[in-house]
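First comes the structure, then the notes that go with it.
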Amino acid sequence: EVDREENAISLPIDAVIGLVDRYIFKAKNGMALLSPVQVGFTNGDNLVIREGVSAGDTVIIVGQNIVKDSAKIDIKEIR
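Right, dumping it as structure tokens:
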């Protein structure tokens, strides 16, 4: 074990956009909102998000590369 972070929020690595400045899209009130995040370590498939996401936020993980900030969206849950 190299590192451990208690109560961490992690997202699929593909949900995070950008290489230097990192962003995600949150879904709120039927809109996509571009939000900056600070990332921590990765396990290959997921990134730890240190700042910019809270428990209960809805994060767009499919289609985030084609949506635009403040665009109207219709959320479909992935099961």
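In terms of my numbering, the sequence shown opens at residue 12 and continues consecutively.
The beta-carbon is built from N, C-alpha and C at its ideal position, and this holds for glycine as well.
- Of the candidates Asn18, Ala38 and Pro47, the residue whose Cα lies closest to the Cα of Lys87 is Ala38.
- Under the three-state reduction of DSSP, Ala82 is assigned to coil, being neither helix nor strand.
- For Val48, the enclosing beta strand (DSSP E) has its first and last residue at Met42 to Thr53.
- The residues Gln49 and Gly51, in chain order, have a CB closer than 6 Å to that of Arg61 in the same chain once the five nearest residues on each side in sequence are set aside.
- Within the same chain, Ile20 come within 8 Å of Ala66 by CB-CB distance, once the 5 residues on both sides are set aside.
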